[in-house]
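Protein chains in written order, with the working numbering: chain A, 44 to 308; chain B, 1349 to 1475.
Reading through the structure tokens given below for one structure.
So this is what it looks like as structure tokens:
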């Protein structure tokens, strides 16, 4: 029954070995880049010193989580354009779907899905995933996480349900293409509003806290006993909405492309 | 008196935790041996499941018990205990499902010879 090592596995193993050797060689030769120069180290020091500096609030971000502060405050423009890239990609994918935005999943799917054990387990796990993703998104301004991480974690829940049960179960739960597109648009509008509200006060775009040279007083950091963390929490929540709904759009669009059943509303 | 009782309980819980971790190590060794020595796919999958449940879930519960009584961790001990216990629960739910669906698929597609066989209810159902 047992034969020798097949030729294809030999080829794969030798390729992997050669690739890892090349990688190690380049990493050892400084392929990952040398040590950062002194001028770049200064930026890191600036961020560590100023992110949650309650004594000198000139350049602070109002959040102890430095990564989220960089993503949504110090380098907010970069993240906005990342969101735009994802938006454009999903729009391009939607153009391919038969039926367009109104594409619907037809059929009942009575006998679809795997065994009962898998169905039950994927239901339980998808509930846990939803809770974890919400936690990541809503607490992203205090602990590691954020809108993008939370949204992409949330996308695992419908993916599990598609794999374990069927896409029809997802439809019965209320996941629709039009609803996902609407919620994503809501998130995008929220991002635009939050990032351009300081412009009304003669401030900068994507401004979080009060900065020298701007009239904007900054988003509230403390509201009584609550800790809000400036604009970061709104940004995280809207980004969560955008990213999770975009992943759901992609899943449903992939199914529609596979079945080719579009049709009218 | 009450303090002494508390210390005794702590020691007992710590001992149970260490025992669970040791049992996990033994299970892992047995699972590795079984993966190498067992004859066919289904029996080997049984060994793999032993490695997951006995070698990951049981020691994780032990770790959660140990960290619950480790005073040097401060308030973080509850965090460690909770995370370990939750991870154990998650593995206990997911791992059997994975092996179940793998075995199911292998049986449906007849990918593996069912050599040392006593009973095959699924095969009877198929016929």
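Even for Gly, the Cβ is constructed at its ideal location relative to N, Cα and C.
Computed from a predicted structure; not experimentally measured.
Bridge partners of residue 252 of chain A according to DSSP: A:261. Among the CB atoms of chain B, one or more fall inside 7 Å of the CB of residue 167 of chain A. The C-beta of residue 160 of chain A comes closer than 7 Å to at least one C-beta of chain B. DSSP places residue 201 of chain A in the uninterrupted alpha helix (DSSP H) bounded by 199–207.
At least one CB of chain B lies nearer than 7 Å to the CB of residue 164 of chain A.
Rounded to the nearest angstrom, the gap between the Cα atoms of residue 1418 of chain B and residue 1401 of chain B is 25 Å. Boundaries of the alpha helix (DSSP H) harbouring residue 1415 of chain B: 1406–1416, taken from the DSSP string. One alpha carbon belongs to residue 1370 of chain B, the other to residue 118 of chain A, and they sit about 49 Å apart.
Taking C-beta atoms as the reference points, residue 283 of chain A and residue 180 of chain A count as a pair closer than 7 Å. Classified as buried, residue 201 of chain A has 16 or more neighbouring CB atoms from the shown chains inside 10 Å of its CB.
By the beta-carbon neighbour count (other beta carbons within 10 angstroms, threshold 16), residue 1434 of chain B is exposed. Contact between residue 278 of chain A and residue 236 of chain A is absent: CB atoms are separated by about 11 Å, not below the 8 Å threshold.
Using a CB distance below 7 Å, the part of the region 1447–1458 of chain B facing chain A consists of 1448, 1449, 1452, ordered along the chain.
Residue 173 of chain A and residue 196 of chain A have their C-alpha atoms some 8 Å from each other. Contact check for residue 280 of chain A against residue 273 of chain A fails: the beta carbons are separated by 7 Å or more.
Linking residue 100 of chain A to residue 113 of chain A through their CA atoms gives a straight-line distance of about 16 Å. Buried is the label assigned to residue 116 of chain A, since at least 16 other Cβ atoms lie within 10 Å of its Cβ. About 7 Å separates the CB atoms of residue 1396 of chain B and residue 1379 of chain B; that is less than 8 Å, so the two are in contact. Membership of residue 50 of chain A in the alpha helix (DSSP H) is indicated by the continuous run 50–71. By the rule that beta-carbons nearer than 7 Å mark a contact, residue 1441 of chain B touches chain A. When Cβ-Cβ separations below 7 Å define contact, residue 1361 of chain B makes no contact with chain A. The beta carbon of residue 230 of chain A is closer than 6 Å to those of 281, 284, 285 in its chain, skipping five residues each way along the sequence. In the DSSP assignment, residue 266 of chain A is bridged to A:269. Among the residues facing chain A, residue 1445 of chain B is included, as its CB has a counterpart in that chain under 7 Å away. Chain-ordered, the chain B residues with CB closer than 7 Å to the CB of residue 157 of chain A read 1449. Under the DSSP assignment, residue 1475 of chain B falls outside any alpha helix (DSSP H); it carries neither an H nor an E label. Annotated three-state conformation of residue 119 of chain A is helix, per DSSP. Just measuring C-alpha positions, the residue of A:245, A:140, A:82, A:63 sitting nearest residue 302 of chain A is A:140. Taking all protein chains in view, the Cβ of residue 288 of chain A is crowded by 16 or more other Cβ atoms within 10 Å, so the residue is classified as buried. For residue 245 of chain A, the closest of A:293, A:260, A:234, A:233 by C-alpha to C-alpha distance is A:260. Per the Cβ contact rule, the region 1421–1441 of chain B is not in contact with the region 1384–1391 of chain B (fewer than 3 Cβ pairs under 8 Å). Approximately 5 Å separates the beta-carbon atoms of residue 161 of chain A and residue 1449 of chain B; this is inside 8 Å, confirming the contact.
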